[in-house]
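K.L.:
Reminder that position 15 of the sequence shown reads as 19 in the numbering used here, one-by-one numbering, no gaps.
Dropping a structure here in structure tokens format, bear with me for questions.
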Amino acid sequence: FFGALSTEQVGNYISDVVDCTLELYKKAGFDEIGDFDSIYDLAIDIKNTVLDPLFVKNTDIFTDIIFNGIAPEPLPSNDKVFKILLTFQIRKDLTY
């Protein structure tokens, strides 16, 4: 999910920032702790890939990605489903 775009003027450039939330879900099997560990590990792998300096610096689509956190979140049902939220801010600087 992408949040609202905010714009800030800094010196001779404009900085656009948008909040980004990635939701991961996994249904637990017999090994609930192992299943939770695997989805949490996946969240860490995704974070590391998104924040890889080669990925961030080799694109002109955005200027920077700021990591805000990984958080498990309970679901209202009791279906043995795990939910993990990854939150980022994506920034694009535009000179004028």
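Ideal placement from N, C-alpha and C gives every residue a C-beta, glycine not left out.
Values in this document were obtained by computation on a predicted structure and should not be read as measured data.
Mind checking residue 98: buried by the 16 CB within 10 Å criterion, or exposed?
P.N.:
So residue 98 counts as exposed.
K.L.:
Would you kindly report the start and end of the unbroken alpha helix (DSSP H) that includes residue 40?
P.N.:
It spans 36–54 - the alpha helix (DSSP H) in which residue 40 sits, taken as one unbroken run.
K.L.:
From the DSSP output, in three-state form, read off residue 58 for me.
P.N.:
Correct three-state label for residue 58: helix.
K.L.:
Among 90, 55 and 86, whose alpha-carbon lies nearest the alpha-carbon of residue 33?
P.N.:
Ranking the options by Cα distance to residue 33, first place goes to 86.
K.L.:
Quickly, what does DSSP pair residue 12 with across the bridge? List them, please.
P.N.:
Partner(s): 19.
K.L.:
Look at the alpha carbon of residue 53 and the alpha carbon of residue 81, and state the distance between them as a whole number of angstroms.
P.N.:
C-alpha separation (whole angstroms): 31 Å.
K.L.:
Excluding the 5 residues flanking residue 10 on each side, which residues of the same chain have their C-beta closer than 8 Å to its C-beta?
P.N.:
Answer for residue 10: 20, 21 and 22, listed in chain order.
K.L.:
If we ignore side chains and look at the alpha-carbon of each, how far apart do residue 40 and residue 84 end up?
P.N.:
Rounded to whole angstroms, residue 40 to residue 84 spans 10 Å at the Cα level.
K.L.:
For the putative contact between residue 26 and residue 79, defined by C-beta atoms under 8 Å, what is the C-beta separation to the nearest angstrom?
P.N.:
With 8 Å as the limit, residue 26 and residue 79 do not qualify as a contact, their Cβ atoms being about 16 Å apart.
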